[in-house]
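Reviewing the structure listed below.
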Amino acid sequence: MNDDFVTRLRFQLREAAARESRRGPVARAAVATRRRVGSQPALVGAVLACALAIVGAVTLTALQRAQPPVEQAVPPGHRLTLVYHGPLVTQGGALAPGFGSVWASDAGTGELLRIDPRTRRVLARVPLGDQALPDAGAGALWATAGGRLIRIDPTTNRVSARIALGLGARVIAGVSAERGVVWVPSPLELLRIDPRRNAIDRRIGLEHQGFQANGFATDGTLLYVLRADRVLRTLDATTGAQVSSTRLGFDAFLIGAAHGAVVLADGSDVRAVDARTGRTLWRTNIGAERVNDGVLADGSVWIHATDSNANHDRLLRLDAGDGQMTGSLTLAEFGVAGFVAVAGDAWIVSPNGHLTIAR
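If you number the sequence shown the way my numbering does, the last residue is 359 and the count never jumps.
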């Protein structure tokens with residue numbers, strides 16, 4: 001989702017979305033006609049990243065404790081521990097936990113690897129022929145690759161279905177399996193797949209007046225879609241029916257969601273927002289040049305950021321309830337191609353395929 005399909009993904013799409021929001025309607029229409037969903041690095045980014053920045057087990061009361069905006073540096077004494085650093089795949093790609101394993105896309109070979117999270121040993125290799133964006137749920141491991149949604153049986157590690165998505169030249173952004181249905185988001189539309197029939201049963205348009213979706217998250221009950229014009233839509237995760245819509249007062253990209261609140265990155269700010277009203281619940285300035293990626297899981301917000309002096313990247317951990325910094329770790333490599341939380345640890349795959357695990 002970046003230069004290598006995954007890495008600069010979110011950052012490049014945020015820039016593209018910002019440019020899009022500044023265009024007039026005629027210019028937007030001309031650009032939309034010329035590129036539709038655009039190239040992988042330019043337009044898919046945030047939706048991708050959002051497709052895989054999914055679900056945090058944060059309590060509603062904790063996330064909705066409104067706090068005044070604050071600016072804070074990394075507190076002294078807060079350290080994350082480096083558990084592992086070494087090679088994982090030939091070229092970095094997306095990650096997803098599921099069925100007691102971590103699934104890693106190898107962008108260099110077109111394979112999806114099943115990894116033992118304790119030993120980091122490769123348990124199986126599933127050839128898909130393209131870079132994959134995986135997610136687990138609805139009884140299977142799902143991945144978008146090569147213009148299709150691919151279903152993988154976790155008991156056999158074999159492909160059991162390939163579903164054509166009919167998106168044509170539009171790049172497929174990701175997959176989210178929740179509440180017995182599977183959702184595939186792209187900048188122009190959201191597709192619902194019935195896993196019993198392995199077939200699309202609903203398409204929901206996301207584009208409005210030339211503005212495309214550039215963010216997607218789910219908390220298992222609701223879907224959250226952010227458009228380039230700052231409109232945040234909330235949809236029912238089973239039916240796709242719209243629940244609410246609000247316009248944010250700032251440009252941001254969507255990191256994750258939990259119990260009616262979303263976590264977003266806005267420049268060097270990370271903030272939690274009530275999805276129905278757009279009200280900021282807390283805001284933390286992490287003092288970085290930019291946020292590259294983020295994960296919301298198990299009451300924590302994990303942030304991959306580039307420092308303002310651009311000498312290194314950092315991994316940060318914030319409390320999802322109030323935004324307080326709870327950990328920081330300087331990373332040995334630049335860039336992020338895959339980023340997930342696994343049993344309380346943060347897993348980061350760099351563009352060159354190296355894995356970093358921190359806790």
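Beta carbons: idealized from backbone N, C-alpha and C, even for Gly. The model shown is predicted, which means the values in this text are computed figures rather than measured ones.
1) Just checking my contact of Ala124 with Arg114 at CB under 8 Å: how many whole Å lie between their CB atoms?
2) Write down every uninterrupted run of the beta strand (DSSP E) in the stretch 119-196 whose length is 3 residues or greater and which is fully enclosed by it, in chain order.
3) Can you round the beta-carbon distance between Leu82 and Ala358 to whole angstroms, since I take them to be within the 8 Å contact cut?
4) Per DSSP, what kind of secondary structure is Pro97 in: helix, strand or coil?
5) Per DSSP, which residues does Phe216 bridge with? Please list them.
6) Does the structure place the stretch 329-348 close enough to the stretch 303-320 that three or more beta carbon pairs sit under 8 Å?
7) State the DSSP-derived secondary structure class of Val336, mapped to helix, strand or coil.
8) Using CA atoms only, rank isn't needed, just tell me which of Pro127, Pro154, Ala136 is closest to Ala145.
9) Hey, quick one: how far does the beta strand (DSSP E) through Phe211 stretch, first residue to last?
10) Which of the three DSSP states is assigned to Ala341 in this structure?
11) Three-state secondary structure (DSSP) at Gln242?
12) Between Glu289, Val270, Pro97, which lies nearest to Trp347 when the distance is taken from Cα to Cα?
13) Whose CA, out of Ile152, Leu133, Ala132, lies closest to the CA of Leu141?
14) Per the contact definition of three or more C-beta pairs closer than 8 Å, is the stretch 276-294 in contact with the stretch 190-208?
15) Quick check on Val295: does DSSP put it in helix, strand or coil?
16) Grab the span of the beta strand (DSSP E) containing Thr277 for me, first residue to last.
17) Relative to the alpha-carbon of Arg121, which residue among Gly139, Pro134, Ser101, Gly137 has its alpha-carbon at the smallest distance?
18) Cutting at 6 Å between CB atoms, please list the residues of its own chain near Arg227, excluding the five before and the five after it.
19) Any idea what DSSP makes of Phe253, helix, strand or coil?
20) Give me the Cα-Cα distance between Gly338 and Val301, rounded to the nearest whole angstrom.
Straight from the coordinates:
1) For this step, residue 124 is matched to residue 124 along the sequence shown. For this step, residue 114 is matched to residue 114 along the sequence shown. With a Cβ gap of about 4 Å, Ala124 and Arg114 count as contacting.
2) 122-127, 133-137, 140-145, 148-153, 158-164, 176-178, 181-185, 189-194
3) On the sequence shown, residue 82 is found 82 positions in, with the first residue counted as 1. On the sequence shown, residue 358 is found 358 positions in, with the first residue counted as 1. At roughly 6 Å, the Cβ-Cβ gap stays under 8 Å, so Leu82 and Ala358 are in contact.
4) In the sequence shown, residue 97 corresponds to position 97, counting from 1. Pro97 falls in the strand class under three-state DSSP.
5) The sequence position of residue 216 within the sequence shown is 216, counting from 1. BP columns for Phe216 point to Val225.
6) yes
7) On the sequence shown, residue 336 is found 336 positions in, with the first residue counted as 1. DSSP places Val336 in coil when its eight states are reduced to three.
8) Position 145 of the sequence shown, counted from the first residue, corresponds to residue 145. That would be Pro127, whose Cα lies nearest to the Cα of Ala145.
9) Here the question's residue 211 lines up with position 211 in the sequence shown. Segment: none, Phe211 is in no beta strand (DSSP E) and carries neither H nor E.
10) Working through the sequence shown from its first residue, we reach residue 341 at position 341. Looking at Ala341 - three-state DSSP - the assignment turns out to be strand.
11) As a position in the sequence shown, residue 242 is number 242, starting the count at 1. Here Gln242 sits in strand by DSSP.
12) Against the sequence shown, residue 347 aligns to sequence position 347. Measuring from the Cα of Trp347, the nearest candidate turns out to be Pro97.
13) The residue you call residue 141 lines up with position 141 of the sequence shown. For Leu141, the nearest C-alpha among the options comes from Ile152.
14) no
15) Position 295 of the sequence shown, counted from the first residue, corresponds to residue 295. Strand at Val295.
16) For the purposes of this step, residue 277 is taken as the residue at position 277 of the sequence shown. Looking at the DSSP string, Thr277 is not in any beta strand (DSSP E), and its letter there is neither H nor E.
17) What you label residue 121 is simply residue 121 of the sequence shown in a count that begins at 1. Ranking Gly139, Pro134, Ser101, Gly137 by Cα distance to Arg121 puts Ser101 first.
18) In the sequence shown, residue 227 corresponds to position 227, counting from 1. Around Arg227: Phe211, Ala213.
19) Here residue 253 refers to the residue found at position 253 of the sequence shown. Strand, per DSSP.
20) One-based indexing of the sequence shown puts residue 338 at position 338. One-based indexing of the sequence shown puts residue 301 at position 301. Taking the straight line joining both Cα atoms gives about 16 Å.
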